[in-house]
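To start, the structure under review is shown below, and the notes come after it.
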Amino acid sequence: MAEMLPEKKENIEKLKQEIALGVESKIGFIDGSCVKPVTTGVEQEQWRKADCMVISSLLNSISKDIVEAGMCTSSARALWMKLESRFGESNGSSIYQLQREIASICQGNLCLDDYFIKLTKLCEGLVFVAPPPICKCGLCVCGCAKAILEMTASNQLMQFLIGLNEKYDHIRSQILAMDPLSNVNKAFSMVLRVERQMEVNLAFPDSGEAIAMEV
């Protein structure tokens with residue numbers, strides 16, 4: 001990761017995206033949504049280990065001149081708030097750019113794997129710079145938080161399907177007909193199986209007929 005020099009007061013959006021890609025499922029330790037378990041024991045120890053991993057990722061992404069100050073932090077969330085207060089600027093330009101790229105992304109000449117990875121990175125970057133609202137009091141029982149996460153996941157699924165090439169029209173229709181809808185990872189797996197079957201049929205065009213005759 002590129003170093004960020006403290007004297008330049010640069011926008012930290014690039015750092016945000018790099019961290020998002022580097023720790024992926026650990027974003028909650030930075031935005032405060034993954035809180036330390038109140039009970040002692042294994043769960044708290046696992047949380048602490050994961051938090052230390054995120055702290056390490058953050059420290060590896062900043063200038064050596066300010067690493068020493070970061071070493072005194074109590075958590076990844078506390079370190080991130082220090083960085084934001086010192087280097088943070090408006091997220092507007094980053095949100096605009098990410099949403100623009102997500103809205104225009106399509107598979108085109110990309111292989112399925114590369115297309116999925118590219119879209120996933122953009123979506124994770126957007127969630128990181130503009131996270132959906134979350135309940136931090138721990139008392140929410142109405143299911144609103146779950147609904148928001150499901151809506152975010154549904155949006156990513158739709159964008160994935162929209163950008164697929166036309167040769168996947170049939171499997172795309174099957175996925176859209178599912179109730180409840182699949183998540184984007186399962187949808188990718190389904191499309192990938194179709195692609196592999198297409199490759200087999202292309203390499204061995206008579207294999208389908210041979211199998212049918214044997215049956």
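Everything in the sequence shown is counted per full-length UniProt numbering, starting at 1 for the first residue and increasing by one. The beta carbon of each residue, even a glycine, is placed where N, CA and C say it ideally should be.
Counting every other CB atom within 10 Å of its CB across the protein chains shown gives A76 a total of 16 or more, marking it as buried. The alpha-carbon separation between A145 and P131 amounts to approximately 12 Å. Assignment of A76 by DSSP, reduced to helix, strand and coil, places it in the helix class.
Annotation for V42: the continuous alpha helix (DSSP H) segment containing it runs V42 to L59.
Taking one beta carbon from each stretch, the stretch 94-114 and the stretch 172-185 have fewer than 3 pairs nearer than 8 Å; the two do not touch.
Its chain contains P37 as the residues whose beta carbon lies nearer than 8 Å to that of E43, once the 5 sequence neighbours on both sides are disregarded; these appear in chain order. Note on the stretch 179-205: whole alpha helix (DSSP H) runs with a minimum of 4 residues are 184-203, in chain order.
Ranking L161, V194, L79 and G163 by CA distance to the CA of D31 puts L79 first.
By the 16-neighbour rule on beta-carbons within 10 angstroms, D179 is exposed. Using a Cβ distance threshold of 9 Å, C123 and Q174 do not count as a contacting pair. Shown here, K121 sits in a helix according to DSSP, grouped into three states. In this structure, L119 lies away from I95, with their beta-carbon atoms at least 9 Å apart. In the assembly as shown, L149 is an exposed residue. Its beta-carbon has fewer than 16 other beta-carbons within 10 Å. Annotation for Y115: Q107 place their beta carbon closer than 6 Å to its own, counting only its chain and skipping 5 residues before and after.
At least 9 Å separates the beta-carbon of T40 from that of I55.
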